[in-house]
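For the sequence shown, full-length UniProt numbering assigns the number 1 to the initial residue and increments by one for each residue that follows. Read through the structure below, which is laid out as structure tokens, and then see the notes.
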Amino acid sequence: MSESSIFITEERIEGEDEGPLAGETVAVKDNISTAGVRTTCGSEMLAEYVPPYDATVIERLTGAGATIVGKTNMDEFGMGSTTETSAFGPAPNPAAEGRVPGGSSGGSAAAVAAGEADYALGTDTGGSVRNPAAFCGVVGIKPTYGLVSRYGLVAYANSLEQIGPLAPTVEDAARVLDAISGPDDRDATTRCEGADSDYASAADGDIEGLSIGIPTELVEGADEGVREAFWDAISDLESEGASYHEVSLPSIEHAVAAYYVIAMSEASSNLARFDGVRYGPVTESGGNWNEAFAAVREQGFGEEVKRRILLGTYALSAGYHDKYYKKAQDARAWVARDFEEAFEEADVLASPTMPVPPFEVGESLEDPLQMYLADANTVPVNLANLPAISVPAGETEGLPVGVQLIGPTFGEKRIIRAASALE
Ligand code: GLN
């Protein structure tokens, strides 16, 4: 397979002979560290970087018997929704020719959709597991913040992101979550008191009496075809014993703006380490430190990454910090409160995962703002640290549609149960 496709590298890491995932294969997003195997983050900056250690999730997967079959293509440093910002070129969508696979974990979703691996790992900062799952017609889970260790994940926006599984079925995704979740001394943000285990056992489809809240704000803006597929899915759930009612999340209109301010601010700080000394290409620039630093970053980063570092640096700078960053944090708290209130009236919340079907290749690159707005339904979940799953729910004009089920903190079993009823 060419470098501009689903995999960036196809080196294997063999798992243990025994374990719950023995003999099964996993493709891993290329921002998750693999000892001895190149980890590029889809960036020229890390094109030759080989980590000396494994991420915790890699240790856990191979310890459970799985074999890693390669590192998958992604938007550069996770910044995008289409996998087109990768320095290695775009990945295809096996479920929709001529369309993007979504992103940023597009290679991971494509690997599962094409049957190149039994499962895949992606990372979800603002939708990057759920969006490609929806666009490629597979299942993706974004766990509650803190359920899965981020040790060995190359950070984009650490307060928002979690590693999560992509798989052909809900039960498969839950089995991978079983393998990778749980506390880790090497990641102080793992926080699992109150968390469940044995997620696979929840994929039993039993939703008798389940109350589903439907946030109006997350449905009314979606394309007509997407809305039709969504409401069909809701009536299927109703016929299996669930009930639904509409709920409102008034703060949601600020979620995309707040997300991008926070994500870009954290990114501008996280990406400062790529300076050509610790990481990145060595350049010929003989000048002073500022010139050498600029030369490395000019060469190593793509356009979208540069845009975000600039905007993030601006939002954090003296005089603007309160105006942008602090305000975004206030909006984040408001979004979390709205969700809390919604869960007083509903067991799970449901929406289309993406308000639109997969973009045509090249379509969204011309207008970054349109691409950011397409994250409207996924980013609120990251702002509130909640778990969510995207499950395939039919098609619109031959293109896959995904339904998103959102749970309260550590409500993974609830959303797995509801998703398995839908599938
Ligand atoms: N599309 C969003 C962004 O570009 C989400 C990316 C992600 O979850 N890594 O930031």
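Note that CB positions come from ideal geometry on N, CA and C, so glycine has one too.
(request) Report the three-state DSSP secondary structure of G407 (helix, strand or coil). (result) Reduced to three states, the DSSP call for G407 is coil.
(request) Ignore the nearest five residues each way along the sequence and tell me which others in R308's own chain have a CB closer than 8 Å to its CB. (result) Taken in chain order, the residues that qualify are M79, A263, M264, A267, S268.
(request) Would you mind working out which of L249, T56, Y53 sits nearest F343, comparing C-alpha positions? (result) Residue nearest to F343 within the set L249, T56, Y53 is L249 (criterion: CA-CA distance).
(message) Can you list, in chain order, the residues of its chain with a C-beta nearer than 6 Å to that of M1? Leave out the 5 residues immediately preceding and following it.
(response) In this predicted model, M1 has a pLDDT of only 42, less than 50, meaning its place in the structure is not dependable; the value taken from the coordinates is given anyway. Answer for M1: F7, listed in chain order.
(request) Below 8 Å on the Cβ atoms is my guess for G402 versus L386; work out the distance and round it to an integer in Å. (result) Under the criterion of beta carbons closer than 8 Å, G402 and L386 do not qualify as touching, at roughly 17 Å.
(message) By the three-class DSSP mapping on this structure, what secondary structure does E16 have?
(response) The answer is coil: DSSP assigns E16 none of H, G, I, E or B.
(message) To test your reading of the DSSP string, which unbroken beta strand (DSSP E) runs of 3 or more residues are found completely within the UniProt region "Disordered" (79-108)?
(response) Those beta strand (DSSP E) runs which fall completely within the UniProt region "Disordered" (79-108) and span 3+ residues do not exist here.
(message) The alpha helix (DSSP H) that contains P132, what's its start and end?
(response) From DSSP, the alpha helix (DSSP H) with P132 extends over 130-136.
(message) Does L399 come out as helix, strand or coil in the three-state DSSP assignment?
(response) Shown here, L399 sits in a strand according to DSSP, grouped into three states.
(request) Assign E171 to one of two classes, buried (16 or more other C-beta atoms within 10 Å of its C-beta) or exposed (fewer than that). (result) Under a 10 Å Cβ-count criterion, E171 is classified as buried, with 16 or more other Cβ atoms of the shown protein chains found around its own Cβ.
(request) Please go through the same chain and pick out, in chain order, the residues whose beta-carbon is closer than 6 Å to the beta-carbon of R297, but skip the five residues on each side of it. (result) Answer for R297: no residue qualifies.
(request) Starting from the N-terminal side, write out each stretch of the alpha helix (DSSP H) that is 4 residues or longer and does not extend beyond the stretch 225-306. (result) As far as the stretch 225-306 is concerned, its whole alpha helix (DSSP H) runs of at least 4 residues are 255-270, 289-300.
(request) Could you check which residue in P94, G42, A55 has the C-alpha nearest to that of E76? (result) Per the C-alpha coordinates, the member of P94, G42, A55 positioned closest to E76 is G42.
(request) Determine the contact status of R186 and T56, defining contact as a CB-CB distance below 8 Å. (result) Going by C-beta atoms, R186 is nearer than 8 Å to T56.
(message) Could you tell me the alpha carbon to alpha carbon distance between G411 and T353, rounded to whole angstroms?
(response) One C-alpha to the other measures close to 18 Å.
(request) Could you tell me whether any non-hydrogen atom of ligand 1 is closer than 7 Å to the CB of G140? (result) Not under cutoff, so the answer is no.
(request) Using DSSP bridges, identify the partner residues of I214. (result) Partner(s): E246.
(message) Tell me whether M79, by its Cβ, gets closer than 7 Å to a heavy atom of ligand 2.
(response) Because ligand 2 does not appear in the structure shown, any question about it cannot be addressed here, the ligands present being ligand 1.
(request) Let me know the secondary structure DSSP gives A393 once reduced to three states. (result) Looking at A393 - three-state DSSP - the assignment turns out to be strand.
(message) My output table needs one value for T9: the three-state DSSP class, helix, strand or coil.
(response) In this structure, T9 counts as strand in the three-state DSSP scheme.
(message) Looking at the secondary structure, which residues open and close the alpha helix (DSSP H) in which Y372 lies?
(response) Where Y372 is concerned, the enclosing alpha helix (DSSP H) starts and stops at 368-373.
(message) Rounded to whole angstroms, what is the Cα-Cα separation between A418 and T409?
(response) Their Cα atoms are separated by approximately 16 Å.
(message) For P92 and E14, I'd like the C-alpha separation in whole angstroms.
(response) Looking at the two C-alpha atoms, the distance is approximately 27 Å.
(message) With a threshold of 8 Å, are at least 3 pairs of Cβ atoms found where one atom belongs to the stretch 21-35 and the other to the stretch 51-67?
(response) Between the stretch 21-35 and the stretch 51-67 there are three or more C-beta pairs closer than 8 Å, enough to call the two in contact.
(message) What I want to know is whether the C-beta of D124 ends up closer than 7 Å to one or more non-hydrogen atoms of ligand 1.
(response) Yes.
(message) Taking 7 Å as the cut-off, is the beta-carbon of S104 closer than that to any non-hydrogen atom of ligand 1?
(response) Yes, the Cβ of S104 comes within 7 Å of a heavy atom of ligand 1.
(request) Kindly list the residues whose CB is nearer than 6 Å to the CB of E10, restricted to its own chain and excluding five residues on each side of it in sequence; keep chain order. (result) Once the five neighbours on either side are set aside, the close Cβ partners of E10 are G70.
(message) Taking the straight line between their C-alpha atoms, what separation do you get for S317 and K326?
(response) Cα-Cα distance, rounded: 12 Å.
(request) Look up G70 in the DSSP assignment and say whether it is helix, strand or coil. (result) G70 sits in a strand when the DSSP states are folded into three classes.
(message) Please tell me whether G98 and G63 are closer than 8 Å, where the distance is taken between their beta carbons.
(response) Against a cut-off of 8 Å, the Cβ pair of G63 and G98 comes out as no contact.
(message) Is it buried or exposed, E161, if we count other Cβ atoms within 10 angstroms and call 16 or more buried?
(response) By the 16-neighbour rule on beta-carbons within 10 angstroms, E161 is buried.
(request) Give the DSSP-derived three-state secondary structure of P143 in the structure shown. (result) Three-state result, P143: coil.
(request) Count the C-beta pairs between the stretch 389-402 and the stretch 332-339 that are closer than 8 Å, then say yes if the count reaches three, no if not. (result) No, the stretch 389-402 is not in contact with the stretch 332-339.
(request) Grab the span of the beta strand (DSSP E) containing T25 for me, first residue to last. (result) The continuous beta strand (DSSP E) containing T25 extends over residues 25-29.
(message) Counting C-beta neighbours from all protein chains within 10 Å, is the total for A188 16 or more, i.e. buried, or is it exposed?
(response) With a 10 Å radius around the Cβ and a threshold of 16 neighbouring Cβ atoms, A188 comes out exposed.
(message) Using a 10 Å radius around the Cβ and a threshold of 16 neighbouring Cβ atoms, would you call G312 buried or exposed?
(response) The residue in question, G312, is buried, as its Cβ has 16 or more Cβ neighbours within 10 Å.
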